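Residue numbers (our numbering), protein chains in the order written: chain W, 1 to 115; chain G, 1001 to 1115; chain D, 2001 to 2115. The structure appears right after this line, and notes come after that.
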Amino acid sequence: MDIQRINPEQRWSDATVFRGIVHFVEVPARVDGDMADQTRQILAQAEHTLALAGSNKARLLMATIYVTDLTLVPAFNEIWDAWLAPGTAPARACIKVELNKPGMLVEIAFVAAAA
Amino acid sequence: MDIQRINPEQRWSDATVFRGIVHFVEVPARVDGDMADQTRQILAQAEHTLALAGSNKARLLMATIYVTDLTLVPAFNEIWDAWLAPGTAPARACIKVELNKPGMLVEIAFVAAAA
Amino acid sequence: MDIQRINPEQRWSDATVFRGIVHFVEVPARVDGDMADQTRQILAQAEHTLALAGSNKARLLMATIYVTDLTLVPAFNEIWDAWLAPGTAPARACIKVELNKPGMLVEIAFVAAAA
């Protein structure tokens, strides 16, 4: 079994899968909304990407959450906590950086188990 | 063999283990001390987490070190260098960001080999 | 098969390889040049490290690109896009942080498939 790539573009692939490990990054498609809106977009997109990779949100291993404003982390966490089924949370880091699109408040890099 | 989670909370797990790969993140439990103190806390906690995951500090693969002040990296490195047995250092990145708790000077995301 | 380390120093290894997964981080050796120059250095070094790990640039799984100035991302992308063969791009995150050496504009953490 070799490398599977989901929607490979020249600059990045939406996800890569190798030996049962999925790497993928989600950014909000629309950045005009608030943290709750952008978080909901990212998590919905993550479910879609996970499905394409033969995985699902109960199989996350690690999440690196990049935010641009630490005061918005509670708004992020409210959506995040409700999204995860009990007992399925990945390891996670949450740090403040600057992101590559004006208005973007959050970006998440995930590692998941495919199967 | 499927996903093992160490201390799964609703928001995160202390570690996940899948196909022999451990993902975990450590932050200092107490943030009133200086960089040396916070680094010692993190590395002691890392040893504890690694033991729970059936691994140890000689089996680290990657460390992403988030610091809030680059002038404190030498203080971090002094503890880090002494902590690692010769020939066992992981790949590592060390970057300055802002962290999600006032007073927290360092946070580390690790990837390790379980067995 | 256990952990292979490429050029293990006391503080870090240039790469680690375990169960076919390579973790490595590249920084520019010389930081007197512009973004294009520093990017070319990093990507050339990445090819060298990948070769030592029994991999190559068509087998990247994930890239975390740390930059110190978001206005230089287009200059980075121009080199990056030309470097990757079509259909081989990894998942990627690109964030602005501060780096641990004055003049350093970019650092990349990679995950790759060894074999």
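Just so it is clear, CB atoms sit at the ideal spot from N, CA and C, and this is done for glycine as well. The structure displayed is predicted, hence computed values, not measured ones.
Please classify D/H2023 as buried or exposed, where buried requires at least 16 neighbouring CB atoms within 10 angstroms. As a first step, residue 2023 of chain D is located in the third sequence; it is residue number 23 there, counting from the start. Under this definition D/H2023 is a buried residue.
Straight-line CA distance for D/T2088 to D/A2063? Here residue 2088 of chain D refers to the residue found at position 88 when the third sequence is read from its first residue. Here residue 2063 of chain D refers to the residue found at position 63 when the third sequence is read from its first residue. Looking at the two C-alpha atoms, the distance is approximately 12 Å.
For G/M1104 and W/Q10, what's the separation of their Cα atoms in angstroms? As a position in the second sequence, residue 1104 of chain G is number 104, starting the count at 1. As a position in the first sequence, residue 10 of chain W is number 10, starting the count at 1. Those two C-alpha atoms are separated by around 39 Å.
Does the beta carbon of G/R1019 sit closer than 8 Å to a beta carbon anywhere in chain D? In the second sequence, counting from the first residue as 1, residue 1019 of chain G sits at position 19. Taking Cβ atoms only, chain D reaches closer than 8 Å to G/R1019, which makes this a yes.
G/T1016: first and last residue of the uninterrupted beta strand (DSSP E) it sits in: Residue mapping note: residue 1016 of chain G aligns to position 16 of the second sequence, counting from 1. 1013–1018 is the span of the beta strand (DSSP E), which, as asked, contains G/T1016.
Taking C-beta pairs closer than 8 Å, name the residues in chain W that D/G2087 reaches, listed in chain order. Taking the third sequence and counting its residues from 1, the one referred to as residue 2087 of chain D is at position 87. What D/G2087 touches in chain W: R5, P8.
Cβ of G/Q1111 within 8 Å of any chain D Cβ: Stepping through the second sequence from its first residue, residue 1111 of chain G is reached at position 111. Sequence check: residue 1111 of chain G is Val here, not Gln. Closer than 8 Å: yes.
The stretch 1018–1046 of chain G: positions lying closer than 9 Å to chain W by Cβ: F1018, R1019, I1021, V1022, H1023, F1024, V1025, V1027
May I ask you to verify whether the stretch 2048–2063 of chain D touches the stretch 1095–1115 of chain G, counting CB pairs closer than 8 Å and requiring at least 3? no
Below 8 Å on C-beta distance, what does G/V1097 contact in chain W? The sequence position of residue 1097 of chain G within the second sequence is 97, counting from 1. Correct list: I95, K96, V97.
With 16 other Cβ atoms within 10 Å as the buried cut-off, status of G/P1090: Along the second sequence, one-based indexing puts residue 1090 of chain G at 90. It counts as buried.
With distances taken Cα to Cα, identify the nearest neighbour of G/P1086 among G/K1057, G/T1016, G/V1027, G/T1071. Looking up residue 1086 of chain G in the second sequence gives position 86. With distances taken between Cα atoms, G/P1086 lies closest to G/K1057.
Who are the near neighbours of D/V2017 in its chain, counting only those whose CB is closer than 6 Å to its CB and skipping five residues on each side? Numbered from 1 along the third sequence, position 17 holds the residue referred to as residue 2017 of chain D. Hits under 6 Å: Q2004, A2053, A2114.
Would you list the residues sitting across from D/Q1964 in a DSSP beta bridge? Lying outside 2001 to 2115, the shown extent of chain D, residue 1964 of chain D is not represented and no answer is given.
Sequence ranges, alpha helix (DSSP H) only - wholly within the stretch 61–95 of chain W, length at least 4: 73–83
Can you tell me whether G/E1107 is buried or exposed? The criterion is at least 16 other CB atoms within 10 Å of its CB, across all chains shown. The residue you call residue 1107 of chain G lines up with position 107 of the second sequence. By the 10 Å Cβ count, G/E1107 comes out buried.
Counting only C-beta atoms, is D/V2073 closer than 8 Å to chain W at any point? In the third sequence, counting from the first residue as 1, residue 2073 of chain D sits at position 73. Yes, contact with chain W.
Heavy atom of the ligand ZN within 7 Å of W/D14 beta-carbon: This structure does not include the ligand ZN; it has no bound ligands of any sort.
With DSSP collapsed to three states, give me the class of W/A46. Sequence index remark: in the first sequence, residue 46 of chain W carries index 46 (1-based). Of the three classes helix, strand and coil, the one that applies to W/A46 here is helix, per DSSP.
Could you pull out every residue in the same chain whose Cβ sits closer than 6 Å to the Cβ of W/A109, ignoring the five residues on either side in sequence? As a first step, residue 109 of chain W must be located in the first sequence, where it is residue number 109. Correct list, in chain order: V25, T64.
Going by DSSP, what residues sit across from W/A112 in a beta bridge? Residue mapping note: residue 112 of chain W aligns to position 112 of the first sequence, counting from 1. Its beta-bridge partners are W/V22, W/L60.
Does any residue of chain W have a CB that is nearer than 8 Å to the CB of D/N2077? Counted from its first residue, the third sequence places residue 2077 of chain D at position 77. So yes, D/N2077 belongs to the interface.
Beta carbon of G/R1019, beta carbon of G/I1079: below 8 Å? The sequence position of residue 1019 of chain G within the second sequence is 19, counting from 1. The sequence position of residue 1079 of chain G within the second sequence is 79, counting from 1. No, the Cβ-Cβ distance between G/R1019 and G/I1079 is not below 8 Å.
Cβ closer than 9 Å: which chain D residues qualify as neighbours of W/R11? Locating residue 11 of chain W in the first sequence gives position 11, counting from the first residue. Per Cβ cutoff of 9 Å: N2077, W2080, D2081, L2084, A2089, R2092.
Just by C-beta distance, which residues in the stretch 2054–2067 of chain D are closer than 9 Å to chain W? A2058, R2059, L2060, L2061, M2062, A2063, T2064, Y2066, V2067
Straight-line CA distance for W/D69 to D/W2083? Numbered from 1 along the first sequence, position 69 holds the residue referred to as residue 69 of chain W. Numbered from 1 along the third sequence, position 83 holds the residue referred to as residue 2083 of chain D. Their Cα atoms are separated by approximately 34 Å.
Given that D/A2015 touches chain G, what residues does it touch there, using C-beta distances under 8 Å? Within the third sequence, the letter at position 15 stands for residue 2015 of chain D. What D/A2015 touches in chain G: A1091.
For D/V2031 and D/D2037, what's the separation of their Cα atoms in angstroms? Here residue 2031 of chain D refers to the residue found at position 31 when the third sequence is read from its first residue. Here residue 2037 of chain D refers to the residue found at position 37 when the third sequence is read from its first residue. Between D/V2031 and D/D2037, the C-alpha separation is close to 9 Å.
From D/L2043 to D/A2075, what does the alpha carbon distance come to, in whole angstroms? One-based indexing of the third sequence puts residue 2043 of chain D at position 43. One-based indexing of the third sequence puts residue 2075 of chain D at position 75. About 14 Å.
G/D1034 classed as buried or exposed, judged by whether at least 16 other C-beta atoms fall within 10 angstroms: Counting from one through the second sequence, the residue named residue 1034 of chain G turns up at place 34. Under this definition G/D1034 is an exposed residue.
D/E2098 - partner residues in DSSP beta bridges: The residue labelled residue 2098 of chain D in the question sits at position 98 within the third sequence. Answer is G/K1096.
Tell me which residues share the same chain as D/R2059 and place their Cβ nearer than 6 Å to its Cβ, disregarding the 5 neighbours each side in the sequence. For the purposes of this step, residue 2059 of chain D is identified with residue 59 of the third sequence, where counting begins at 1. Excluding positions up to five away in sequence, the list reads A2112, A2113.
For W/V106, list the residues DSSP reports as bridge partners. One-based indexing of the first sequence puts residue 106 of chain W at position 106. W/V67.
Pull up the CB-CB distance for G/I965 and D/L2099, whole angstroms please, since I reckon it's below 8 Å. No answer is possible for residue 965 of chain G: it lies beyond the span of chain G, which begins at 1001 and ends at 1115.
In its own chain, which residues sit with a C-beta less than 8 Å from the C-beta of W/E47, not counting the 5 before and 5 after it? Sequence index remark: in the first sequence, residue 47 of chain W carries index 47 (1-based). These residues qualify, in order along the chain: N56, K57.
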